[in-house]
Every structure is written in C-alpha cells, then in structure tokens.
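Trainee: Chains as they are written, first to last, in the working numbering: chain D, 1 to 284; chain E, 285 to 852.
C-beta atoms are modelled at their ideal positions from N, C-alpha and C, and glycine is treated no differently.
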Amino acid sequence: MVTMQDYAGLKPAWCPGCGNFGIVRSLNKALVELKIEPHQVLFVSGIGQAGKLPHYTRGNTFNSLHGRPVPPAIGAKIANHELKVIAVSGDGDAYGEGGNHFLHAMRRNHDITYMVHDNQVYGLTKGQASPTSDTGYVTKTTPYGASHPINPVALALSCGVGFVARSFAGDIDHLAETLKAGLQHRGFALVDILQPCVSFNHKNTYDWYRQRVYKLEEEKGYDPADFKAALEKAWEWVDRIPIGVIFQQVSPTYEEQLPALQKGPLVKQELDPGQVERLLDEFV
Amino acid sequence: MTREFNFMIGGEAGQGVQSLGLILSKTLARGGYHIFADQDYESRVRGGHNFFRVRVKDSSVGAIIEQVDLLIALNRESVDLHRGELSDGGIGVFDGGEQEENRKDLVNVPLERLAEESAGDELMTNTVALGAALGLIDYGLEILRGVLTDYFGGKVAEKNLKAAQAGFDYVRKNGPGHFRRRLRPTGEARRMLLTGNDALSLGAIAAGCRFMSAYPMTPASSIMEYFASKEKELDLVMVHAEDEIAAVNMAIGAGFAGARAMTATSGSGFCLMAEGLGMAGITETPVVIINAQRPGPAVGLPTRTEQGDLLFVLHAHHGDFPRAVLAPASVEDAFRIAVKSFNLAEKYQLPVIILTDQHLASSYTTVDRFDLAGVNIDRGQLYSPEKGKETEYKRHKVTKSGVSPRALPGMSKAIVVTDSDEHDEAGHLTEDAGDRNAQVEKRLRKLKGLGREISPPKQYGSDSAEVMLIGWGSSYGALREATDILKREGVDVNLLHLNELWPFPARAVARAMEKAGRCCVVESNATGQLARLIRAETGIEARGQVLRYDGRPLTPAYIVDAVKREGC
Numbered sequence: 001m002v003t004m005q006d007y008a009g010l011k012p013a014w015c016p017g018c019g020n021f022g023i024v025r026s027l028n029k030a031l032v033e034l035k036i037e038p039h040q041v042l043f044v045s046g047i048g049q050a051g052k053l054p055h056y057t058r059g060n061t062f063n064s065l066h067g068r069p070v071p072p073a074i075g076a077k078i079a080n081h082e083l084k085v086i087a088v089s090g091d092g093d094a095y096g097e098g099g100n101h102f103l104h105a106m107r108r109n110h111d112i113t114y115m116v117h118d119n120q121v122y123g124l125t126k127g128q129a130s131p132t133s134d135t136g137y138v139t140k141t142t143p144y145g146a147s148h149p150i151n152p153v154a155l156a157l158s159c160g161v162g163f164v165a166r167s168f169a170g171d172i173d174h175l176a177e178t179l180k181a182g183l184q185h186r187g188f189a190l191v192d193i194l195q196p197c198v199s200f201n202h203k204n205t206y207d208w209y210r211q212r213v214y215k216l217e218e219e220k221g222y223d224p225a226d227f228k229a230a231l232e233k234a235w236e237w238v239d240r241i242p243i244g245v246i247f248q249q250v251s252p253t254y255e256e257q258l259p260a261l262q263k264g265p266l267v268k269q270e271l272d273p274g275q276v277e278r279l280l281d282e283f284v
Numbered sequence: 285m286t287r288e289f290n291f292m293i294g295g296e297a298g299q300g301v302q303s304l305g306l307i308l309s310k311t312l313a314r315g316g317y318h319i320f321a322d323q324d325y326e327s328r329v330r331g332g333h334n335f336f337r338v339r340v341k342d343s344s345v346g347a348i349i350e351q352v353d354l355l356i357a358l359n360r361e362s363v364d365l366h367r368g369e370l371s372d373g374g375i376g377v378f379d380g381g382e383q384e385e386n387r388k389d390l391v392n393v394p395l396e397r398l399a400e401e402s403a404g405d406e407l408m409t410n411t412v413a414l415g416a417a418l419g420l421i422d423y424g425l426e427i428l429r430g431v432l433t434d435y436f437g438g439k440v441a442e443k444n445l446k447a448a449q450a451g452f453d454y455v456r457k458n459g460p461g462h463f464r465r466r467l468r469p470t471g472e473a474r475r476m477l478l479t480g481n482d483a484l485s486l487g488a489i490a491a492g493c494r495f496m497s498a499y500p501m502t503p504a505s506s507i508m509e510y511f512a513s514k515e516k517e518l519d520l521v522m523v524h525a526e527d528e529i530a531a532v533n534m535a536i537g538a539g540f541a542g543a544r545a546m547t548a549t550s551g552s553g554f555c556l557m558a559e560g561l562g563m564a565g566i567t568e569t570p571v572v573i574i575n576a577q578r579p580g581p582a583v584g585l586p587t588r589t590e591q592g593d594l595l596f597v598l599h600a601h602h603g604d605f606p607r608a609v610l611a612p613a614s615v616e617d618a619f620r621i622a623v624k625s626f627n628l629a630e631k632y633q634l635p636v637i638i639l640t641d642q643h644l645a646s647s648y649t650t651v652d653r654f655d656l657a658g659v660n661i662d663r664g665q666l667y668s669p670e671k672g673k674e675t676e677y678k679r680h681k682v683t684k685s686g687v688s689p690r691a692l693p694g695m696s697k698a699i700v701v702t703d704s705d706e707h708d709e710a711g712h713l714t715e716d717a718g719d720r721n722a723q724v725e726k727r728l729r730k731l732k733g734l735g736r737e738i739s740p741p742k743q744y745g746s747d748s749a750e751v752m753l754i755g756w757g758s759s760y761g762a763l764r765e766a767t768d769i770l771k772r773e774g775v776d777v778n779l780l781h782l783n784e785l786w787p788f789p790a791r792a793v794a795r796a797m798e799k800a801g802r803c804c805v806v807e808s809n810a811t812g813q814l815a816r817l818i819r820a821e822t823g824i825e826a827r828g829q830v831l832r833y834d835g836r837p838l839t840p841a842y843i844v845d846a847v848k849r850e851g852c
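As structure tokens, this is what we get:
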C-alpha cells in the first residue's frame with residue numbers, strides 16, 4: 001500500500017504561501033491514488049523554483065538544467081519505458097529556455113507527463129517577466145511592460161498534443177484529479193498549473209485566479225475530444241479562465257512505435273557484441 | 285617494391301562521384317588490394333566540383349597522396365583541374381565529344397553515347413567511365429559484377445554492368461596503346477572496406493550502445509543514419525532530435541536510466557552540447573559524444589577537415605569536472621576506441637568525447653575483420669541492492685576512487701537522485717561548503733583511475749632520433765608514411781602519435797620528447813593546439829611546427845615538404 005508518507009520529501013525551501021506547496025501535495029495525492037510507488041517514478045526537473053519539486057517529494061530524480069528537463073526525460077523513458085516519467089518545469093523553463101524541446105516532444109508524442117508551474121513570472125531570479133506574463137506587465141527587465149504572452153494551451157493544441165489540461169495550485173483536489181488524468185494518459189500530457197507567486201507576482205494572486213477560474217468538468221456539454229471547442233477554450237483568458245482537461249485524444253506514442261522496445265525495456269536487454277558479426281559482412 | 289596505383293574520380297555533385305568511388309574501391313579490395321580512399325566535396329547538393337581519390341596498394345595503406353595515375357573525369361572541369369596531378373605515364377578518361385582526339389595523357393571515350401547505347405540511360409555515363417578505367421588497367425569485370433549486384437541488386441546491377449562492359453570494350457578496342465600500367469586482381473580478399481564513421485558505429489553497437497540521439501551535421505551524419513538503419517535488426521533506438529542540445533540531453537537521460545547512450549555531431553553542434561557536457565559531469569552520468577571535426581569557427585568549411593577543436597573539447601563547459609578525450613588514429617583504431625569509450629564512460633561515470641575529423645569520418649580504408657570476441661563490456665560498479673537496505677542508497681556516495689556504485693532508477697527499490705546543482709551524497713541539492721568540497725574532490729579523484737586507463741602514445745621508428753614528429757588523431761597514416769620518406773631521404777626521424785589525449789599521458793610524452801633532438805608537432809589547425817597542450821602538461825616546448833588549416837587533409841608529401849622547409 002502506497003501512502004502519502006512514502007512521498008514525504010525534504011523540507012521545501014520555497015517562500016511561505018508559495019503555490020508550489022499545493023502542487024507538491026496534489027502530485028503526491030495523485031501518485032498515491034494511482035498506487036504508483038516512488039521507485040517506479042522518475043522526476044526530471046529543470047531549474048527554477050519548480051525544478052526543486054522532486055527533492056520535496058520522493059522518487060527517482062534527475063534535476064537537469066534550465067530549460068532542459070524534457071530531453072533527458074525522453075531519453076530515460078526510451079531507455080526504461082516501465083518508469084513513470086514526470087517532467088517538471090516552471091513557465092520560464094518550459095516556454096522560454098526549453099521552448100523548442102516542448103514543441104517537438106508534443107509533435108513526437110513521447111509518453112511523459114509534463115507539469116508546468118506557471119506563475120507568469122520568474123521567481124528564482126527575482127521577479128523578471130516570463131513568457132506567460134500578461135501583456136503590459138511591468139518588471140525590472142520590462143520597464144515598458146511585457147510583450148504578448150505565449151498561450152501554452154493553444155500552442156500545445158497547434159503542435160498536436162494528445163493531452164492538455166490546466167489546473168490551479170489553489171485547488172488541491174482539482175489539481176490532483178487533473179494530474180491523475182495526465183498521468184494516466186498514454187502519450188505526452190501537458191498540465192499547465194496556475195501557480196500564484198506570493199513574492200513577485202502581485203497581479204496574478206490567489207484571489208485573482210480564484211475569481212476567474214471555472215471547471216470544465218462542470219460545463220455542460222464540454223467534450224475534451226472536440227478539438228475546435230478546445231481551441232476556443234484555449235483562448236479564454238482574463239475574464240474567465242477554464243481549468244480541467246481541455247483536450248484529450250489518444251494516438252500512438254513515440255515509444256510504442258519503436259521496434260526495439262517490443263522485447264521490453266532497453267535497460268533490461270542483454271548486451272552482446274556477437275550481434276555485430278553479421279553487420280561486418282556488409283562491409284566486405 | 286610495393287605495387288601502388290592512384291585513381292581519382294572527378295565530377296559535380298549529383299553525378300555519382302561517391303557511389304562510383306565506393307564501387308571502384310570495393311572492386312579493388314575484393315581483388316586483393318589494400319585501399320585508402322578520401323572524399324573531397326563541396327557543401328552543395330548539385331553542381332560544384334567533387335572528387336574521390338582511391339589509393340591502391342598491395343600492402344596496408346593509411347594515407348592519401350596527391351599524385352593521380354588514372355583520372356576518371358565525369359566532366360570537363362575535372363580534366364582542367366586535375367590534369368596537372370597526373371603522374372608520369374598517368375592518364376585521364378573523359379568524354380571530349382566527337383571533335384577531340386586522344387592525347388598522350390587523355391583518352392577520349394564517348395561516355396554518354398555508350399551509356400545510351402548499352403543501357404539506354406545517360407545516367408549510366410559514370411559506370412561506362414568505370415568500365416573504361418578497369419579496361420585500361422586490365423582488371424576485368426568479373427569482380428565488378430559481384431560488387432554491382434551487392435550494391436544495386438537485380439535489374440539495376442545488370443544495367444550498370446552493360447554500361448561498364450561498353451566502356452571496357454571501347455578502351456580495349458580504341459584505347460591508347462601507350463598506356464601500359466596494369467593492375468590485375470591478385471587473389472580474393474575478404475577485408476572490410478569502411479569509413480571512420482562506420483567503424484565508430486560498429487564499435488558503439490558492439491559495445492552495447494542501444495540508444496543514440498543526434499541532429500544531422502556534416503561530417504557526422506552517417507553515424508546516426510547507420511544507427512537508424514539497424515534499429516529493427518539489432519533493437520537499437522536512434523532519436524532524430526530537434527537540435528544538438530536535445531540530442532546530448534536525451535543521451536544523458538538514457539545514460540542515467542542505464543542504457544549505453546551516445547550522440548554524434550561536429551564542432552558547432554558540439555558548441556550547443558557544451559551545456560550538457562557539464563551536466564553529465566556533475567550528475568556523473570555516462571555518455572559518449574562523437575565530435576567529427578570540420579574547420580571552424582562557426583560554419584567554417586562544412587565539408588572539409590581540421591583538428592581545430594582539441595582545446596575546445598578539453599575545456600568546454602564551465603567549472604571543473606573530469607572527462608575523457610580519445611582521438612582515433614585510423615579506422616581500426618576508431619572501432620577499438622568506440623568500445624573503450626563506452627567502458628570508460630560507465631566505469632568512471634562521466635562524459636567521454638571521441639574526437640575525429642572529416643578526413644577520418646569519411647575516408648574509406650580496408651581493414652581486417654574486427655575481432656568481436658575481443659570486445660569486452662565493462663559496466664563498472666553497478667549497485668546491487670541488499671534487501672531492506674535500499675532506502676540507504678546514496679547515488680553520490682563519497683569513495684576513495686571517486687566512483688560511487690551506480691543504481692539504475694526503477695531497477696530496484698533504491699531511489700536514485702541526482703542534480704545539476706551541487707548536491708550531497710544522496711543527490712539532493714545543497715549549498716553546504718563541506719558537501720561542495722567533498723563532491724568536487726570526489727569527482728576529480730576519478731581522474732586518477734581514468735588516467736591509468738589511458739594508453740601511452742604510439743612511438744614509430746627508433747627509440748630516439750634527431751627529429752621527432754608528433755601528431756594526434758587521424759593523421760597517423762600520413763605521419764607514418766612521412767617518417768618513412770624522410771628516413772629514406774637520410775633524415776634521422778621518428779614519430780610520436782597520440783590517440784588517447786585526456787587525461788593527458790604527460791609522463792610518457794615528456795619521456796619520449798626528452799630523448800628527441802628536436803620535436804616538430806604536426807597538426808591540422810592554425811595555432812598548434814597539441815603543442816600548447818604538451819607545453820601546458822609537460823612544460824616542454826616543441827620548437828618545430830607543421831600546421832595545415834586550409835581544410836585539406838595532411839598528406840605524407842605535405843608533411844615532408846613542410847618539415848624540410850621549416851627545418852624542424
């Protein structure tokens with residue numbers, strides 16, 4: 001039996017009241033409810049306050065570089081596809097420094113879950129604008145206001161993502177359920193998590209989000225398989241912000257299509273130099 | 285006296301210069317000859333001027349020479365550009381149209397017309413030329429038949445053979461009587477004919493590398509293509525990544541999870557990988573990175589050769605961490621070094637860089653069949669869990685050797701944690717000064733064991749000599765031959781050649797240099813990077829220097845002339 005205790009990690013070094021506390025609790029809850037054990041999980045995180053998350057839960061961890069959690073997560077998943085691989089980023093990590101990896105991971109449909117702690121600001125470097133900061137958002141690096149933000153949900157949809165959801169760090173049950181849906185999805189699953197930054201983002205606060213979010217699960221007739229409806233929801237922002245599974249469609253994953261993985265994980269296959277013997281003939 | 289013959293095939297991109305060169309090389313190799321063949325091509329898909337040189341000997345050969353005995357000119361430009369390189373008695377085959385007469389050094393063969401007549405396809409012009417060449421040297425077409433069948437199969441092979449026969453018959457009937465050089469098959473040989481890239485691919489697969497991620501870049505691309513072509517047959521995975529940053533990071537992820545993993549690129553791709561290199565260093569993750577050098581900086585000369593990345597790969601990334609750098613001397617050495625690299629990467633849990641260059645990457649050499657029984661896979665200290673004690677596992681445990689037993693995530697109940705931040709023994713990020721020092725020192729301690737694995741440089745010729753040539757990497761064959769030529773000309777000379785460069789075998793190099801009268805470092809770069817490395821690591825300054833940085837390979841003649849000129 002897996003319990004919340006199994007996922008007890010180190011004491012977080014996050015600011016009191018940080019949205020990340022809600023995220024790590026929701027994640028642990030989701031993993032426990034899915035009966036996944038810590039040794040079956042691999043967290044691959046980037047750099048930023050979100051990147052520290054794996055240390056504050058429990059599981060195999062590769063805390064990689066800024067912007068880079070997705071490629072090592074892909075490599076690890078292909079090497080051992082029995083691992084439940086969860087990539088963890090902030091908005092700067094995922095949509096700024098790691099933008100190219102993000103696009104292509106969705107295009108290729110790797111079987112990993114990508115949690116993006118989206119607080120619309122840089123926390124670790126102390127308050128600069130991020131790729132998702134609202135238009136006009138004034139910071140030390142954007143004295144005349146931030147440019148147009150990236151819309152991660154619309155971007156994901158345009159890349160043919162198989163699963164995209166949004167949730168809110170202030171609603172642990174909703175976030176846990178959303179993460180569970182993402183973790184159970186076969187293929188690339190993006191969960192963009194609205195995360196208040198209590199130290200640097202004084203605009204997009206808990207209250208700001210609370211007044212705006214509404215649950216798609218409670219929307220009558222909303223069908224996450226409907227791509228056009230999903231695109232419409234993706235562009236809904238500011239007055240009302242939809243949370244929940246926005247789009248889901250299962251298609252073959254990258255890993256499923258690899259002939260080498262049909263015999264089980266690469267890491268469990270025997271290494272035999274003799275295999276090369278017949279290749280040598282081709283050079284004679 | 286050894287028998288030797290040099291071919292050149294010249295033409296524009298798209299005329300099949302490379303295919304023809306390879307088919308010719310294979311045909312000669314199967315007839316008992318040793319081959320060294322290099323490729324000179326421009327960065328374009330059509331047009332321009334490309335050539336393929338095939339050096340044929342009845343003993344082993346490791347370098348190309350400038351002289352041409354038989355030029356197969358697929359266009360007029362090739363005649364104009366290379367006629368001057370013909371040896372005394374050498375000859376060129378070309379299609380000069382109906383007006384031109386044969387000359388002493390040129391035989392006019394209606395290649396296009398014969399292609400149309402024999403195979404109904406003017407695309408076969410190059411094969412007609414090949415048949416003519418084989419006719420001129422009296423090689424016969426029997427071996428070519430087998431090669432064409434293997435290369436094209438069935439109908440296409442038959443069509444090609446008809447074209448070759450037409451060229452062959454034409455020169456037998458109309459060929460210049462004065463051309464007397466003959467090169468007949470000497471027997472049957474089963475040697476392999478392959479490039480440095482091929483040898484690295486085979487070595488990697490033999491060493492158990494199952495995962496490759498890469499982004500195409502000349503001259504490294506054929507490695508990823510080969511790897512991908514064998515995915516199904518040998519249960520390999522090759523991910524064509526979105527960029528080199530992703531490529532190295534994917535390989536590191538696969539390495540962390542426990543698969544033997546690699547990537548391959550050239551200099552500017554390696555620039556992008558510099559970031560990942562240090563991450564492999566601090567997370568102690570095994571990964572093998574091939575850098576097939578080309579002249580830089582930036583895009584430089586994309587299809588040409590240089591040894592200009594030595595100091596870069598030794599120092600790439602910020603901060604201090606251990607790495608290994610190996611630079612194969614030849615195709616055979618490339619196979620051996622590929623295997624060794626994967627063992628070192630896992631034994632010492634660090635990045636290993638294989639430094640080749642365009643010349644080695646894309647030149648063909650005949651070698652004896654690789655000995656697979658001699659391939660030893662050593663995965664180093666893999667953690668084996670003791671029941672109930674898994675929770676105590678510490679990925680970065682401080683040890684005397686610096687190597688911590690490596691658990692693989694998901695393979696036991698041990699939780700494997702690592703971080704690109706400085707971390708404690710358990711892998712959790714820390715800013716504690718004590719932990720920092722312990723981890724830095726532990727990582728650097730691995731250099732000691734690693735250093736003991738580095739083979740001493742190869743010394744060729746006498747133990748001590750008045751002049752010692754020093755070189756590294758792909759120039760071994762050219763340097764060896766240059767040493768022989770200089771010796772024949774009365775120079776007291778020997779050769780010191782490095783192929784395992786880091787940790788630097790300082791003691792062995794210093795000992796050899798102390799015995800030499802004068803040292804002359806020969807390398808393909810503009811600033812003498814090996815000479816600087818030697819000075820930094822041994823305190824000895826080599827006075828003589830032969831440098832080449834025009835993007836063309838070092839050849840025996842180039843080295844001999846420069847040594848004489850510089851008076852090394």
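Counting only the same chain and skipping the five closest in sequence on each side, list residues whose C-beta sits under 7 Å from that of residue 285(E).
Mentor: Here residue 285(E) refers to the residue found at position 1 when the second sequence is read from its first residue. Confidence at residue 285(E) is low in this model, with a pLDDT of 47, below 50, so the placement of that residue is unreliable and no value is reported for it.
Trainee: In three-state terms, what does DSSP make of residue 348(E)?
Mentor: Looking up residue 348(E) in the second sequence gives position 64. In this structure, residue 348(E) counts as coil in the three-state DSSP scheme.
Trainee: Select from 556(E), 660(E) and 615(E) the residue whose C-alpha is nearest the C-alpha of residue 648(E).
Mentor: The residue you call residue 648(E) lines up with position 364 of the second sequence. If we check each option's Cα against that of residue 648(E), 615(E) comes out closest.
Trainee: Taking residue 65(D) as the reference, give the member of 57(D), 44(D), 276(D) and 91(D) with the closest Cα.
Mentor: Along the first sequence, one-based indexing puts residue 65(D) at 65. Out of 57(D), 44(D), 276(D) and 91(D), 44(D) has the C-alpha closest to the C-alpha of residue 65(D).
Trainee: Mind checking residue 16(D): buried by the 16 CB within 10 Å criterion, or exposed?
Mentor: Position 16 of the first sequence, counted from the start, is the residue given in the question as residue 16(D). Residue 16(D) is exposed by the Cβ-count criterion.
Trainee: Tell me the start and end of each unbroken beta strand (DSSP E) in the segment 466-537 of chain E that is at least 3 residues and wholly inside, in chain order.
Mentor: 476-479, 493-498 and 521-524
Trainee: CA-CA distance, residue 735(E) and residue 243(D)?
Mentor: Against the second sequence, residue 735(E) aligns to sequence position 451. Against the first sequence, residue 243(D) aligns to sequence position 243. Each residue's Cα considered, the two are about 56 Å apart.
Trainee: Buried or exposed for residue 385(E), please, with buried defined as at least 16 other CB atoms from any protein chain shown within 10 angstroms of its CB.
Mentor: For this step, residue 385(E) is matched to residue 101 along the second sequence. Flag for residue 385(E) reads exposed.
Trainee: Starting from the beta carbon of residue 489(E), find every residue of chain D whose beta carbon is closer than 9 Å, and list them in chain order.
Mentor: Numbered from its first residue, the second sequence carries residue 489(E) at position 205. Ordered by position in chain D, the residues that pass the 9 Å Cβ test against residue 489(E) are 273, 275, 276 and 279.
Trainee: When you compare the CB of residue 217(D) with every CB in chain E, is at least one pair closer than 8 Å?
Mentor: What you label residue 217(D) is simply residue 217 of the first sequence in a count that begins at 1. Not closer than 8 Å to any Cβ of chain E, the Cβ of residue 217(D) fails to qualify, so no.
Trainee: Which residue marks the beginning of the beta strand (DSSP E) containing residue 752(E), and which one marks its end?
Mentor: As a first step, residue 752(E) is located in the second sequence; it is residue number 468 there, counting from the start. In this chain, the beta strand (DSSP E) harbouring residue 752(E) covers 751-756.
Trainee: When the distance is taken between beta carbons, is residue 70(D) closer than 8 Å to residue 50(D)?
Mentor: Locating residue 50(D) in the first sequence gives position 50, where the first residue counts as 1. Locating residue 70(D) in the first sequence gives position 70, where the first residue counts as 1. Not in contact: residue 50(D) and residue 70(D) (Cβ atoms no closer than 8 Å).
Trainee: Which partner residues does residue 803(E) have in the DSSP bridge list?
Mentor: Start at 1 with the first residue of the second sequence, and residue 803(E) comes out as number 519. Beta-bridge partners of residue 803(E) (DSSP): 752(E).
Trainee: Whole-angstrom Cβ separation of residue 163(D) and residue 182(D), contact assumed at under 8 Å?
Mentor: Residue 163(D) sits at position 163 when you count from the first residue of the first sequence. Residue 182(D) sits at position 182 when you count from the first residue of the first sequence. That belief holds up - the Cβ atoms of residue 163(D) and residue 182(D) are roughly 6 Å apart, short of 8 Å.
Trainee: Under the three-state reduction of DSSP, which class applies to residue 237(D): helix, strand or coil?
Mentor: As a first step, residue 237(D) is located in the first sequence; it is residue number 237 there, counting from the start. Three-state result, residue 237(D): coil.
Trainee: Could you tell me whether the Cβ atoms of residue 380(E) and residue 392(E) are closer together than 8 Å?
Mentor: Counting from 1 along the second sequence, the entry for residue 380(E) is found at position 96. Counting from 1 along the second sequence, the entry for residue 392(E) is found at position 108. The Cβ-Cβ distance between residue 380(E) and residue 392(E) falls below 8 Å.
Trainee: Applying a beta-carbon distance threshold of less than 8 Å, which residues of chain A neighbour residue 476(E)?
Mentor: Of the protein chains in this structure, namely D and E, none is chain A.
Trainee: Are the CB atoms of residue 364(E) and residue 376(E) nearer to each other than 8 Å?
Mentor: By 1-based counting over the second sequence, the position of residue 364(E) is 80. By 1-based counting over the second sequence, the position of residue 376(E) is 92. No, Cβ-Cβ distance for residue 364(E) and residue 376(E) is not below 8 Å.
Trainee: Using three-state DSSP, classify residue 767(E) as helix, strand or coil.
Mentor: Here residue 767(E) refers to the residue found at position 483 of the second sequence. Three-state result, residue 767(E): helix.
Trainee: I want to verify the contact list: residues of chain E whose CB lies under 9 Å from the CB of residue 11(D), in sequence order.
Mentor: Within the first sequence, numbered from 1, the residue matching residue 11(D) stands at position 11. Per Cβ cutoff of 9 Å: no residues; residue 11(D) is ~11 Å from chain E at best.
Trainee: Should residue 310(E) be counted as a contact of the ligand HEM given a C-beta to heavy atom distance under 7 Å?
Mentor: The ligand content of the structure shown is nil, which means the ligand HEM is not present either.
Trainee: Where does residue 8(D) sit, in a helix, a strand or coil, going by DSSP?
Mentor: The count along the first sequence starts at 1 and reaches residue 8(D) at position 8. Reduced to three states, the DSSP call for residue 8(D) is coil.
Trainee: Please go through the same chain and pick out, in chain order, the residues whose beta-carbon is closer than 8 Å to the beta-carbon of residue 354(E), but skip the five residues on each side of it.
Mentor: Taking the first residue of the second sequence as 1, we reach residue 354(E) at position 70. These residues qualify, in order along the chain: 289, 290, 291, 292, 374, 375, 376, 377, 417, 420, 421 and 465.
Trainee: Does residue 784(E) come out as helix, strand or coil in the three-state DSSP assignment?
Mentor: For the purposes of this step, residue 784(E) is taken as the residue at position 500 of the second sequence. Note: residue 784(E) maps to strand in three-state DSSP.
Trainee: Taking buried to mean at least 16 other C-beta atoms within 10 Å of its own C-beta, is residue 590(E) buried or exposed?
Mentor: Translated into positions along the second sequence, residue 590(E) becomes position 306. Residue burial annotation: residue 590(E) is buried, with at least 16 other C-beta atoms found within 10 angstroms of its C-beta.
Trainee: Distance, Cα to Cα, residue 746(E) vs residue 738(E)?
Mentor: As a working note, residue 746(E) is residue 462 in the second sequence. As a working note, residue 738(E) is residue 454 in the second sequence. Straight-line measurement puts the Cα of residue 738(E) at about 23 Å from the Cα of residue 746(E).
Trainee: Under 7 Å Cβ-Cβ, which residues of chain D neighbour residue 536(E)?
Mentor: As a position in the second sequence, residue 536(E) is number 252, starting the count at 1. One finds 72 and 75 in chain D with Cβ atoms closer than 7 Å to the Cβ of residue 536(E), taken in chain order.
Trainee: Does the segment 77-84 of chain D touch the segment 126-133 of chain D, meaning 3 or more C-beta pairs lie closer than 8 Å?
Mentor: no
Trainee: Taking any Cβ of chain E, which residues in the segment 38-63 of chain D have a Cβ under 8 Å from it, in chain order?
Mentor: 38, 39, 40, 42, 44, 47, 52, 54, 55, 58, 59, 60, 61, 62 and 63
Trainee: Would you kindly work out how many angstroms separate the C-alpha atoms of residue 754(E) and residue 395(E), rounded to a whole number?
Mentor: In the second sequence, counting from the first residue as 1, residue 754(E) sits at position 470. In the second sequence, counting from the first residue as 1, residue 395(E) sits at position 111. Rounded to whole angstroms, residue 754(E) to residue 395(E) spans 46 Å at the Cα level.
Trainee: Just to confirm my understanding: we take residue 159(D), look at its own chain, exclude 5 residues before and 5 after, and list those with CB closer than 7 Å. What are they?
Mentor: For this step, residue 159(D) is matched to residue 159 along the first sequence. So the list reads 103, 106 and 107, once near-sequence residues are dropped.
Trainee: Looking at the C-beta of residue 126(D), does it have a partner C-beta in chain E at a distance below 8 Å?
Mentor: Position 126 of the first sequence, counted from the start, is the residue given in the question as residue 126(D). The Cβ of residue 126(D) sits no closer than 8 Å to any Cβ of chain E.
Trainee: Using the beta-carbon count (16 or more within 10 Å), is residue 55(D) buried or exposed?
Mentor: Here residue 55(D) refers to the residue found at position 55 when the first sequence is read from its first residue. Classification of residue 55(D): buried, given that the 10 Å Cβ count is 16 or more.
Trainee: Closer than 8 Å, CB to CB, is residue 496(E) near chain D or not?
Mentor: Taking the first residue of the second sequence as position 1, residue 496(E) is located at position 212. It does not; no Cβ of chain D falls within 8 Å.
Trainee: Can you give me the Cβ contacts of residue 267(D) inside the same chain, cut-off strictly under 7 Å, excluding the 5 residues immediately before and after it?
Mentor: Mapped onto the first sequence, residue 267(D) falls at position 267. Contacts found: 79 and 80.
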